[in-house]
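Visitor: Here you go, one structure.
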Amino acid sequence: QSLTFLDCPGSIEFLQDALNVLPGVDAAIVVCEPEGAKLQMLQPYLKRLADLKIPHFLFVNKIDKAGGSLRALLTNLQEQSGTPLLLRQIPIWENNAVTGFVDLALERAYVYRPHAASEIVEISDKDREKEARFQMLEKLSEYDEHLMEELLSDVEPAKEEIFADLAKELADGVIVPVLIGSAEGDNGIRRLLKAIRHDVPGVSAAAKRLGLEATNGDAVVQILKTYHSSHGGKLSLARVLSGTLKDGALLRRRDGSDARVGGMFALKGEAQTKLSEAPAGETVALGRLEGVATGETLATGKTKLPKVEIEHLVPVYRLAIEAADRKDEVKLTAAIGKLREEDPSLIFDQNAELQEMALVGQGEIHLKVAVEKLSSKYGLKLKVHPPRMPYKETIRKGVQQHGRHKRQSGGHGQFGDVHLDIRPLPRGSGFVFEDKIKGGVVPRQFIPSVEKGVVDYLHRGPLGFPVVDVAVALTDGSYHTVDSSDAAFQTAARIAMSDGMPNCAPVLLESIMHVRIHVPSDATAKVNAVVSGRRGQLMGFDARPGWKGWDTVEAQMPLAELSDLIIDLRSLTQGVGTYEMSFDHLAELTGKLADQVVAASASRAA
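For the sequence shown, our numbering gives the first residue as 4, with consecutive numbering after it.
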């Protein structure tokens with residue numbers, strides 16, 4: 004039996020990689036180290052595995068370097084898992100070091116041998132083994148009445164029954180088996196592989212979990228990941244969930260469109276082996292599936308394809324990016340498109356107002372890796388910097404302003420004359436233009452020209468930012484039957500606005516966001532201090548629904564203070580804290596901070 008392992012990064016910043024592949028796997032192995040300070044990092048993974056009903060093991064690595072009680076470690080681990088943990092092995096200690104383990108199901112002891120099969124030895128502490136084994140069987144008996152009756156009657160259950168229970172409870176998602184070892188020395192790995200081979204349900208269980216019912220022997224595949232190589236084009240990593248997939252097969256998407264397999268390969272690291280077909284259960288790379296994205300399900304026949312829901316993480320870190328050479332801008336946009344196919348958690352934002360391109364992702368390291376890929380893989384020289392903030396401005400008082408544009412240069416001249424009443428509006432009102440002309444002093448056809456000139460000015464007010472919450476009324480004016488034109492009245496309106504707005508007590512506005520911060524409860528007090536230190540207003544906190552031992556802190560915070568918030572949250576929470584935000588309102592920004600923002604804007608415009 005061959006096994007395919009998909010190695011997903013352990014950093015929370017690359018969690019999306021795991022979320023993309025989980026729908027198509029039979030089981031997962033969560034690897035951790037016996038260090039209490041690092042265990043908090045497990046919960047985002049264990050929670051999602053439980054929610055998705057994916058069978059999973061917990062493998063405690065570096066057990067040879069462990070200190071202290073495994074039971075205490077298991078208690079700490081259980082705090083991170085909503086599913087009961089089941090200890091399958093206990094360590095053998097010698098001179099304060101772990102030198103092997105006892106398999107509680109087999110009742111067999113093994114001593115580690117570096118990079119070789121463990122050696123079977125006698126169980127030295129039989130009382131400890133029997134106690135641990137009984138606790139394991141007692142936990143299993145909660146799901147098997149026959150086993151419970153045997154334990155109550157002091158009847159030794161058959162090993163076949165125990166292994167059947169272990170496999171069933173794993174498949175049902177009611178237990179998480181815990182195994183121990185040290186990957187560096189290849190210790191405990193063979194027992195882990197045997198547990199996977201015996202206990203993990205087959206690919207049909209994964210297909211059923213997705214709601215897939217293949218018909219007529221159709222081949223059905225789930226796209227787990229997308230690659231763009233610098234020489235071989237696009238490859239789609241796919242799990243065959245049913246039937247047999249043949250090279251060159253025509254695959255149907257959920258929307259009814261087709262994609263033909265342009266080459267099929269087995270992957271082992273970077274090595275590729277060409278295949279002519281792949282049966283259910285195999286994971287293969289499919290060539291040239293243009294337009295097909297990670298997370299899609301496709302079939303060769305008329306099988307009804309389920310919509311596989313994949314969680315897409317909310318982006319939390321932003322970085323402005325530009326090509327060092329302007330002629331590379333098109334190349335940069337194309338390269339980012341390929342990068343986003345490989346990593347859907349990356350967002351590419353082109354902000355016309357700020358005239359800025361930005362990458363948005365899961366954190367500082369996530370975006371650093373993305374930028375390095377753009378440089379090394381696509382040969383791009385890049386400039387990156389913190390993003391600019393989308394400040395706005397408004398006015399505190401109104402004025403009446405006259406604007407006249409008159410030019411004579413031979414032939415037809417230019418003439419436009421307007422009187423504008425400029426006044427502030429309540430926050431959130433936007434822009435209002437009013438036509439108060441009487442007696443036709445400004446002809447009807449030029450009224451839209453005046454409005455267009457006003458709107459054109461409002462894109463950049465006296466402080467250098469877009470103007471909001473302003474009403475402008477056209478109250479009077481004059482025209483010339485020959486020299487007046489659309490352009491002349493636009494210019495007259497801009498002159499009136501340019502002369503009048505600086506006298507309206509302009510004030511800077513910043514975006515205030517409603518922020519929901521999710522952290523383990525032991526970090527909540529520290530987060531409150533972070534909110535206050537970033538000019539935020541704490542609104543309250545409560546237990547995070549569905550997340551044992553987590554809180555959600557709600558606050559209102561300036562957008563300008565959120566650009567590196569995730570770095571603080573991650574440092575306070577062993578890397579697992581996160582947040583989401585939505586726009587709440589605009590608020591005045593005054594004092595030294597406002598002066599710095601306006602000065603920076605003027606410097607850019609110079």
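All residues carry an ideal CB built from backbone N, CA and C; glycine is no exception.
Does the Cβ of residue 307 have 16 or more other Cβ atoms within 10 Å, making it buried, or fewer, making it exposed?
Guide: Your numbering for residue 307 matches position 304 in the sequence shown. Exposed is the call here.
Visitor: Considering only the beta carbon of each residue, do residue 22 and residue 199 sit closer than 7 angstroms?
Guide: Locating residue 22 in the sequence shown gives position 19, counting from the first residue. Locating residue 199 in the sequence shown gives position 196, counting from the first residue. No; because the gap between Cβ atoms is not below 7 angstroms, this pair is not in contact.
Visitor: Quick one, which of 43, 529 and 517 has its alpha-carbon nearest residue 571's?
Guide: Position 568 of the sequence shown holds residue 571. For the residues 43, 529 and 517, the minimum Cα distance to residue 571 belongs to 529.
Visitor: Helix, strand or coil: which one does DSSP assign to residue 93?
Guide: On the sequence shown, residue 93 is found 90 positions in, with the first residue counted as 1. Residue 93: strand per DSSP, three-state reduction.
Visitor: From residue 436 to residue 382, what distance separates their C-alpha atoms?
Guide: Here residue 436 corresponds to residue number 433 of the sequence shown, with the count starting at 1. Here residue 382 corresponds to residue number 379 of the sequence shown, with the count starting at 1. Rounded to the nearest angstrom, the two C-alpha atoms are 50 angstroms apart.
Visitor: Count the C-beta pairs between the segment 344 to 361 and the segment 248 to 255 that are closer than 8 angstroms, then say yes if the count reaches three, no if not.
Guide: Because the criterion of three Cβ pairs below 8 angstroms is not met, the segment 344 to 361 and the segment 248 to 255 do not touch.
Visitor: Could you tell me which uninterrupted alpha helix (DSSP H) segments, each at least 4 residues in length, are contained entirely in the segment 339 to 414, listed from first to last along the chain?
Guide: Runs found: 367 to 381.
Visitor: Please specify which runs of the beta strand (DSSP E), each continuous and at least 3 residues long, are wholly inside the segment 77 to 159, giving them in chain order.
Guide: Qualifying beta strand (DSSP E) stretches, in chain order: 88 to 90, 92 to 97, 100 to 106, 111 to 116 and 119 to 124.
Visitor: Is the beta carbon of residue 361 less than 7 angstroms from the beta carbon of residue 318?
Guide: Indexing the sequence shown from 1 puts residue 361 at position 358. Indexing the sequence shown from 1 puts residue 318 at position 315. No. Outside cutoff.
Visitor: Just to confirm the assignment: which complete alpha helix (DSSP H) runs, minimum length 4, are found wholly within the segment 223 to 295?
Guide: Whole alpha helix (DSSP H) segments, 4+ residues: zero.
Visitor: Between 63, 96 and 94, which lies nearest to residue 81 when the distance is taken from Cα to Cα?
Guide: Counting from 1 along the sequence shown, the entry for residue 81 is found at position 78. Nearest of 63, 96 and 94 to residue 81, Cα basis: 63.
Visitor: Could you say which of 444, 428 and 510 lies nearest to residue 466 if we only look at CA atoms?
Guide: For this step, residue 466 is matched to residue 463 along the sequence shown. The option with the nearest alpha carbon to residue 466 is 510.
Visitor: Quick one: using the 10 Å Cβ neighbour count with 16 as the cut-off for buried, is residue 2 buried or exposed?
Guide: Because the chain is modelled from 4 through 609, residue 2 falls outside the range shown and cannot be assessed.
Visitor: Mapping the DSSP letters down to three states, classify residue 577 as helix, strand or coil.
Guide: Stepping through the sequence shown from its first residue, residue 577 is reached at position 574. Three-state DSSP puts residue 577 in coil, outside helix and strand.
Visitor: In the DSSP assignment, the beta strand (DSSP E) including residue 59 goes from what residue to what residue?
Guide: Taking the sequence shown and counting its residues from 1, the one referred to as residue 59 is at position 56. That run of the beta strand (DSSP E) goes 59 to 63.
Visitor: Using alpha carbons as the reference points, say which of 226, 333, 183 and 591 lies closest to residue 299.
Guide: Here the question's residue 299 lines up with position 296 in the sequence shown. When each option's Cα is compared against that of residue 299, the closest is 226.
Visitor: Taking 7 angstroms as the threshold (C-beta atoms), are residue 559 and residue 598 in contact?
Guide: Walking along the sequence shown from the start, residue 598 turns up at place 595. Walking along the sequence shown from the start, residue 559 turns up at place 556. No; because the gap between Cβ atoms is not below 7 angstroms, this pair is not in contact.
Visitor: What are the start and end residues of the alpha helix (DSSP H) that includes residue 454?
Guide: To locate residue 454, count along the sequence shown from 1; it is residue 451. Counting along the chain, the alpha helix (DSSP H) containing residue 454 begins and ends at 450 to 461.
Visitor: Hey, how far is the Cα of residue 111 from the Cα of residue 153?
Guide: Taking the sequence shown and counting its residues from 1, the one referred to as residue 111 is at position 108. Taking the sequence shown and counting its residues from 1, the one referred to as residue 153 is at position 150. If I take the Cα positions, the gap works out to 21 angstroms.
Visitor: Looking at the strands, I want to know which residues DSSP matches up with residue 561.
Guide: On the sequence shown, position 558 is the one that residue 561 refers to. The partner list for residue 561 (beta bridge, DSSP) reads 515.
Visitor: Could you have a look at residue 201 and say whether DSSP puts it in helix, strand or coil?
Guide: Counting from 1 along the sequence shown, the entry for residue 201 is found at position 198. It is helical.
Visitor: Would you report the Cα separation of residue 557 and residue 15, rounded to the nearest angstrom?
Guide: Within the sequence shown, residue 557 is the residue found at index 554, counting from 1. Within the sequence shown, residue 15 is the residue found at index 12, counting from 1. Near 22 angstroms, if we compare the C-alpha coordinates of residue 15 and residue 557.
Visitor: Are there three or more Cβ pairs, one per stretch, closer than 8 angstroms when the segment 188 to 205 is compared with the segment 59 to 74?
Guide: Because the criterion of three Cβ pairs below 8 angstroms is met, the segment 188 to 205 and the segment 59 to 74 touch.
Visitor: Is there contact here, the segment 136 to 149 with the segment 205 to 219, by at least three beta-carbon pairs under 8 angstroms?
Guide: At 8 angstroms Cβ cutoff, the stretches do not touch.
Visitor: Around the C-beta of residue 497, are 16 or more other C-beta atoms found within 10 angstroms, so that it is buried, or is it exposed?
Guide: If you number the sequence shown from 1, residue 497 lands on position 494. When all chains shown are included, residue 497 counts as buried.
Visitor: Give me the DSSP bridge partner(s) of residue 33.
Guide: Numbered from its first residue, the sequence shown carries residue 33 at position 30. Residue 33 pairs with 61.
Visitor: Just the Cα atoms here: how many angstroms apart are residue 480 and residue 416?
Guide: Locating residue 480 in the sequence shown gives position 477, counting from the first residue. Locating residue 416 in the sequence shown gives position 413, counting from the first residue. Roughly 17 angstroms between the two C-alpha positions.
Visitor: Return helix, strand or coil for residue 446, following the three-state DSSP convention.
Guide: The count along the sequence shown starts at 1 and reaches residue 446 at position 443. DSSP places residue 446 in coil when its eight states are reduced to three.
Visitor: In this structure, what does DSSP give as the bridge partners for residue 332?
Guide: Within the sequence shown, the letter at position 329 stands for residue 332. Paired residues: none, contrary to the question.
Visitor: Does the distance from the CB of residue 516 to the CB of residue 562 come in under 7 angstroms?
Guide: In the sequence shown, the residue the question calls residue 516 occupies position 513. In the sequence shown, the residue the question calls residue 562 occupies position 559. Contact flag set, yes.
Visitor: Okay, do the segment 441 to 459 and the segment 475 to 491 touch, 3+ Cβ pairs below 8 angstroms being the bar?
Guide: Touching, yes, given that three or more Cβ pairs across the two stretches are closer than 8 angstroms.
Visitor: Do residue 119 and residue 85 count as a contact pair if the criterion is CB distance below 7 angstroms?
Guide: By one-based count along the sequence shown, residue 85 stands at place 82. By one-based count along the sequence shown, residue 119 stands at place 116. Not closer than 7 angstroms, so no.
Visitor: Can you give me the Cβ contacts of residue 26 inside the same chain, cut-off strictly under 7 angstroms, excluding the 5 residues immediately before and after it?
Guide: As a first step, residue 26 must be located in the sequence shown, where it is residue number 23. 213, 225, 311 and 313, listed in sequence order.
Visitor: From residue 460 to residue 543, what does the alpha carbon distance come to, in whole angstroms?
Guide: Numbered from its first residue, the sequence shown carries residue 460 at position 457. Numbered from its first residue, the sequence shown carries residue 543 at position 540. Computed Cα separation, rounded: 41 angstroms.
Visitor: Just to confirm my understanding: we take residue 79, look at its own chain, exclude 5 residues before and 5 after, and list those with CB closer than 7 angstroms. What are they?
Guide: Taking the sequence shown and counting its residues from 1, the one referred to as residue 79 is at position 76. Around residue 79: 39 and 42.
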